[in-house]
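Have a look at the structure below, then the notes.
Residue numbers (my numbering): 1 to 88.
Structure, rendered in structure tokens:
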């Protein structure tokens, strides 16, 4: 079990996931949403957005800071190597 948190102030739990692969996909979906919002000039932030994937004990396993680049189409933040081991 993994938890996905947006750690920008105030921190909030976004979702949970049964596998690391699903957790990564959910973080990617949130970054895509933030990119779309930036393109539409909704909820802009200069500091960007900060996400964590945490294990069931609450320990951060991965952190990502994302600043939307509205000068181009969204490009996934999840690279193929990160999708590798689904059972972690």
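Note that the Cβ used here is the ideal one computed from N, Cα and C, for glycine as well.
If you're wondering where the values come from, they're calculated on a predicted model, not measured in any experiment.
Keeping to the same chain, check which residues put their C-beta closer than 8 Å to that of residue i; ignore five residues upstream and five downstream.
i          : result
residue 58 : 3
Helix, strand or coil for residue i, going by three-state DSSP, please let me know.
i          : result
residue 56 : coil
In chain order, what residues of the same chain have a beta carbon less than 7 Å from the beta carbon of residue i, not counting five sequence neighbours either side?
i          : result
residue 35 : 68, 74
So, at 6 Å on beta carbons, what are the nonlocal neighbours of residue i in its own chain, with the 5 sequence-adjacent residues on each side left out?
i          : result
residue 49 : 8, 34, 66
residue 70 : 38, 39
What are the start and end residues of the beta strand (DSSP E) that includes residue i?
i          : result
residue 71 : Note, residue 71: premise wrong, no beta strand (DSSP E); not H, not E.
residue 15 : 12–17
residue 6  : 2–6
Ignoring anything shorter than 4 residues or poking outside the region 23–55, list the alpha helix (DSSP H) runs there in chain order. Scanning the region 23–55 from its first residue to its last, no whole alpha helix (DSSP H) run of 4-plus residues comes out.
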